[in-house]
Amino acid sequence: MRNTRSLAAATLVMASAITVLLVGQLAKAQTDDNVRDMVVRGRVPKVCTLAAPTLSSGELVNFRTLNGSSLEVDALTDPVTLSTRAASAQVTFAAVCNYAHQIVLESQNNGLWRSELGLTPAPTGFSDAVPYTATLTWGPVSNVFQADASARRLRDSAQAVDQPVVGDIVLRLDIQPGATNLQTNAPLVSGVYRDTLRLTVEPQ
Amino acid sequence: MHRALSLLIAPPVLLALAAAAHAQTVGPSDSAGPIQITATVPNNVCTLGSLSDGDNLFDVGVLIDTTTGLLRPDLSAPPKVLTGTQCSSRSQLTIAATPMIAQAFVTTPPTGFSRGVDYTATASGWTPIEARYSTGAAANAAASQVRETAGSADITISLSGFATAGGPTLRPVADDTYQGAVVVTLAAAS
Numbered sequence: 220m221r222n223t224r225s226l227a228a229a230t231l232v233m234a235s236a237i238t239v240l241l242v243g244q245l246a247k248a249q250t251d252d253n254v255r256d257m258v259v260r261g262r263v264p265k266v267c268t269l270a271a272p273t274l275s276s277g278e279l280v281n282f283r284t285l286n287g288s289s290l291e292v293d294a295l296t297d298p299v300t301l302s303t304r305a306a307s308a309q310v311t312f313a314a315v316c317n318y319a320h321q322i323v324l325e326s327q328n329n330g331l332w333r334s335e336l337g338l339t340p341a342p343t344g345f346s347d348a349v350p351y352t353a354t355l356t357w358g359p360v361s362n363v364f365q366a367d368a369s370a371r372r373l374r375d376s377a378q379a380v381d382q383p384v385v386g387d388i389v390l391r392l393d394i395q396p397g398a399t400n401l402q403t404n405a406p407l408v409s410g411v412y413r414d415t416l417r418l419t420v421e422p423q
Numbered sequence: 113m114h115r116a117l118s119l120l121i122a123p124p125v126l127l128a129l130a131a132a133a134h135a136q137t138v139g140p141s142d143s144a145g146p147i148q149i150t151a152t153v154p155n156n157v158c159t160l161g162s163l164s165d166g167d168n169l170f171d172v173g174v175l176i177d178t179t180t181g182l183l184r185p186d187l188s189a190p191p192k193v194l195t196g197t198q199c200s201s202r203s204q205l206t207i208a209a210t211p212m213i214a215q216a217f218v219t220t221p222p223t224g225f226s227r228g229v230d231y232t233a234t235a236s237g238w239t240p241i242e243a244r245y246s247t248g249a250a251a252n253a254a255a256s257q258v259r260e261t262a263g264s265a266d267i268t269i270s271l272s273g274f275a276t277a278g279g280p281t282l283r284p285v286a287d288d289t290y291q292g293a294v295v296v297t298l299a300a301a302s
């Protein structure tokens, strides 16, 4: 009798346990079946864009207007001293970089150098290169780049920009009066003087 | 978890009482019972169907026009269908969503940039008026809709109206993953 009661009790306990488990599973199943979670995903690639340059109005001194991407000094020499005449211009580039990047300014000649250099050496007392300053402003950074005409070579300057930036890259070019690669106010040898500046926004 | 524990503890107490009462009977045989077994079919069960394409990902792809950095105006993702949804009573369908947020770029973006993309998620095909949730809206009164009758149908989940959080002139910062979530809930309504 005792054994029978024990068996009955065990059966009931088991039945209760099974019932509870079934109820538990039913509740869980209902929860899962009533809710659907979905994920929405996209991506934004790293992009830097640089528009064509434009001249800032009112900032042009002794420079002719911008022709494409070419900027020409109106009169490089002072008619009296035959040395360098002051000139300045400000060019802006509409730009966007949507990630931390760097901006690089590169001068091909490190100054305005006479194109015929090497073919006809400058006579003693004459200079054949003109230094200039390029001041770059872009978002949080500002960089003064000296193309000092100390030697004819490639020269660049890179600056890290640790955030995305949108706006204008402002590049101001300044040629000081009498500035030459020889001495102040040295006369310039006749010829075409040129340099190529390259502005790059790129990954760090 | 707490409710299940209580139920497990209760039966042995009841059984102990039953055993004590039983011990008072005298005779050559013994029996227990009758044991009543009952079951109930609930009249308010709802089941959302399975996702038609088997996965739960809305892939919107590249979010920006790479020539301008601005959000593309033609963003979309193929809709998803919850097939075989059914309810045995009046029901309420609710949709909720969170904006797509840059997962790696976690700081406040600089001026001119945003790290969020809003959109509108809709669930249609179940209720007379589709349930609609816009992540950029201050309130979403249309997010819950009621169906008065029992039945079965497919529910289509669609995304639309993608917009840069903060305004259309802002540009999304670069990030490999912009992620948001959509949650659809179907519940029996009394």
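In the order they appear, the protein sequences are chains A and B.
Using the working numbering, the first residue of the first sequence is number 220, and each one after it goes up by one.
Using the working numbering, the first residue of the second sequence is number 113, and each one after it goes up by one.
Glycine included, every Cβ here is placed at the ideal spot set by N, Cα and C.
Here the structure is a predicted model, which means the values were calculated and not measured.
Selection from the options that minimises the alpha carbon distance to residue i
i	options	result
Val229 (chain B)	B:Pro211, B:Val258, B:Gly166	B:Pro211
Ser200 (chain B)	A:Asn281, A:Leu401, A:Ala377, A:Asn253	A:Asn253
Gly261 (chain A)	B:Gln148, B:Arg184, B:Ile149	B:Arg184
Val411 (chain A)	A:Ala370, A:Thr419, A:Leu274, A:Thr339	A:Thr339
Thr159 (chain B)	B:Arg202, B:Val294, B:Asp287, B:Arg227	B:Arg202
Ala243 (chain B)	B:Phe217, B:Ala233, B:Ala251, B:Phe170	B:Ala233
Tyr290 (chain B)	B:Ala251, B:Asp171, B:Gly278	B:Asp171
Ala299 (chain B)	B:Thr206, B:Asn168, B:Asp186, B:Ser143	B:Thr206
Val263 (chain A)	A:Pro383, A:Ala405, A:Leu407, A:Pro406	A:Pro383
Phe282 (chain A)	A:Ser307, A:Arg255, A:Arg333, A:Asp381	A:Ser307
Same chain, Cβ closer than 7 angstroms to residue i, five either side skipped, listed in chain order
i	result
Thr195 (chain B)	Gly161, Ser162, Ser164, Asp266
Gln423 (chain A)	Ala319, His320, Gln321, Ala379
Thr403 (chain A)	Gly397
Lys247 (chain A)	At Lys247 (chain A) the pLDDT is 39, less than 50, meaning the model places this residue with poor confidence; the figure from the coordinates comes in the next sentence. Contacts found: none.
Gly243 (chain A)	Reliability fails at Gly243 (chain A), whose pLDDT of 36 lies under 50, so the model's placement of it is uncertain and no value is given.
Pro124 (chain B)	Any answer about Pro124 (chain B) is weak, because its pLDDT of 39 lies below 50 and its placement is not dependable; what the coordinates show is given next. Once the five neighbours on either side are set aside, Pro124 (chain B) has no close Cβ partner at all.
Closer than 7 angstroms: residue i CB and nearest the ligand NAP heavy atom
i	result
Ser361 (chain A)	The ligand NAP is not part of the structure shown, which contains no ligands of any sort.
Presumed contact (8 angstroms Cβ cut-off) between residue i and residue j, rounded CB distance
i	j	result
Leu355 (chain A)	Phe312 (chain A)	About 10 angstroms; that fails the 8 angstroms criterion.
Ala370 (chain A)	Asn317 (chain A)	That belief does not hold up - the Cβ atoms of Ala370 (chain A) and Asn317 (chain A) are roughly 38 angstroms apart, past 8 angstroms.
Ala255 (chain B)	Val259 (chain A)	With a Cβ gap of about 16 angstroms, Ala255 (chain B) and Val259 (chain A) do not count as contacting.
Asp375 (chain A)	Val323 (chain A)	6 angstroms
Ser302 (chain A)	Leu392 (chain A)	Rounded, the Cβ-Cβ distance is 18 angstroms, inconsistent with contact.
CB of residue i within 8 angstroms of CB of residue j, strictly
i	j	result
Ile394 (chain A)	Trp357 (chain A)	no
Phe274 (chain B)	Val385 (chain A)	no
Ala368 (chain A)	Pro342 (chain A)	no
Ser346 (chain A)	Thr296 (chain A)	no
Asp414 (chain A)	Leu290 (chain A)	no
Arg283 (chain B)	Gly181 (chain B)	yes
Thr178 (chain B)	Val420 (chain A)	no
Asp287 (chain B)	Ala214 (chain B)	yes
Ala353 (chain A)	Arg333 (chain A)	no
Asp256 (chain A)	Asn168 (chain B)	yes
Neighbourhood of residue i by C-beta distance below 6 angstroms, restricted to the same chain and skipping five residues each side
i	result
Ser272 (chain B)	Thr232
Thr268 (chain B)	Pro191, Val193, Ser236, Gly237
Val315 (chain A)	Thr268, Val385
Val295 (chain B)	Ala208
Leu416 (chain A)	Ser326
Residues near residue i in its chain [Cβ-Cβ closer than 8 angstroms; skip 5 each side]
i	result
Pro280 (chain B)	Leu182, Leu183
Ile176 (chain B)	Leu182, Leu183, Arg184, Arg283, Pro284
Cross-chain neighbours of residue i in chain C, by beta carbon under 8 angstroms
i	result
Arg283 (chain B)	Considering every chain present, this structure includes no chain C. Its protein chains are A and B.
message = I want to know whether the region 258-266 of chain B touches the region 352-365 of chain A - three or more CB-CB distances under 8 angstroms.
response = These segments do not touch.
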